[in-house]
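Undergrad:
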Amino acid sequence: VGTASLTNHLKIAAFNIRVFGTTKMRTPGVPDILVKILLRYDIVLIQEIRDSSQTAMPLLLQNLNSASSSPYKMAISERLGRTSSKEQYAYVYRSDLVSVVSKYVYSDPKDLFEREPFIVHFRSSTTAIKDFALVGIHTKPSDAANEISNLVDVYDDVRVRWAMDDVIILGDFNAACDYMRDSDWRVNSLFTDQRFSWLITDCVDTTTGGGACAYDRFVAAGAAMKSAVVPNSPGRFAFDKEYNLTEIVTDQVSDHYPIEMEL
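For the record, in the sequence shown the residue sitting at position 150 is 150 according to UniProt numbering, with numbers rising by one throughout.
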């Protein structure tokens with residue numbers, strides 16, 4: 001406890017911004033709401049970037065920096081996916097608080113993932129935990145159970161590559177409702193392997209439609225990482241209620257809430 005009072009907490013989020021691209025950036029009012037949401041966080045994984053022009057994300061980052069007194073940078077993956085519909089992952093982060101040491105997209109020779117996880121080694125100057133990796137994933141809904149199980153292999157790959165145990169796997173796992181049955185959970189490696197702690201419980205509805213589906217998740221691994229998680233900090237940010245948005249505007253922003261946590 002002695003050092004904790006001298007450190008600041010890092011606020012981390014994962015946000016599936018439905019079909020994020022140039023259309024969304026041109027929708028009146030929506031970019032401002034997205035900026036307002038992103039300003040809450042020190043690191044946020046953005047998923048479902050679908051933009052062949054690859055201009056929407058740099059524009060959002062520019063808007064964010066215009067609105068922020070602190071600098072934000074971005075680490076973005078290549079366009080990923082088996083079909084012509086490609087997605088990118090991006091980590092937007094406060095560059096005065098954390099730096100990117102290294103990054104890679106998981107090499108997936110067996111083609112286990114529709115959109116291979118994007119993995120970043122962050123170094124933090126302000127928290128009790130200095131070095132950690134984030135593994136970002138947006139699973140294919142119809143193959144969610146298998147993809148989630150295969151994340152154990154991704155974690156072991158990070159451990160071998162970077163000699164690092166302290167990891168958060170985060171993103172839209174589609175880990176609920178129609179895509180994950182009770183029978184799937186019982187045999188799911190990421191769920192049964194004791195190395196992993198699931199920080200978002202099944203009762204957290206991470207969708208804006210009120211369907212009671214905890215699709216979006218944080219899963220922590222590593223002793224230092226697990227002890228660094230601020231108790232009761234993992235949850236969702238219900239931006240529609242917080243900002244008093246209509247259903248129509250909420251829907252224009254996304255069908256998911258960001259999930260958030262602190263270290």
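Quick reminder that beta carbons are idealized off the backbone N, C-alpha and C, glycines included.
Which same chain residues end up closer than 7 Å to residue 96 when comparing Cβ atoms and leaving out the 5 residues on each side of it in sequence?
TA: Result list for residue 96: 70, 71, in chain order.
Undergrad: Given a cut-off of 8 Å, decide if residue 189 and residue 152 are closer than it, judged by their beta-carbon atoms.
TA: Result yes, Cβ atoms of residue 152 and residue 189 sit closer than 8 Å.
Undergrad: Please report the distance separating the alpha-carbon of residue 141 from that of residue 174.
TA: About 6 Å.
Undergrad: With respect to the alpha helix (DSSP H) encompassing residue 64, which residues constitute its N-terminal and C-terminal limits?
TA: 56-67 is the span of the alpha helix (DSSP H), which, as asked, contains residue 64.
Undergrad: Assuming residue 92 contacts residue 38 under a Cβ cut-off of 8 Å, what Cβ separation, rounded to an integer in Å, is found between them?
TA: About 6 Å separates the two Cβ atoms, so the contact holds.
Undergrad: Near residue 17, which residues of its chain fall below 8 Å by C-beta distance, leaving aside the five closest residues on each side in sequence?
TA: Here the set comprises 24, 34, 46, 47, 48, 49, 253, 254, 256.
Undergrad: Please work out which residues of its chain come closer than 8 Å, Cβ to Cβ, to residue 121, disregarding the five sequence neighbours upstream and downstream, and give them in chain order.
TA: Result list for residue 121: 100, 101, 102, 103, 131, 132, 133, 162, 164, in chain order.
Undergrad: Tell me which residue opens and which closes the alpha helix (DSSP H) that residue 248 is part of.
TA: Residues 247-253.
Undergrad: Judging by CA-CA distance, which residue of 55, 52, 68 is the nearest neighbour of residue 36?
TA: Out of 55, 52, 68, 68 has the C-alpha closest to the C-alpha of residue 36.
Undergrad: Could you tell me the alpha carbon to alpha carbon distance between residue 210 and residue 192, rounded to whole angstroms?
TA: Distance between the alpha carbons of residue 210 and residue 192 is about 28 Å.
Undergrad: Can you tell me whether residue 42 is helix, strand or coil according to DSSP?
TA: The answer is coil: DSSP assigns residue 42 none of H, G, I, E or B.
Undergrad: Is DSSP giving residue 113 helix, strand or coil here?
TA: It is coil, neither helix nor strand.
Undergrad: What are the boundary residues of the beta strand (DSSP E) that includes residue 133?
TA: Residues 131-138.
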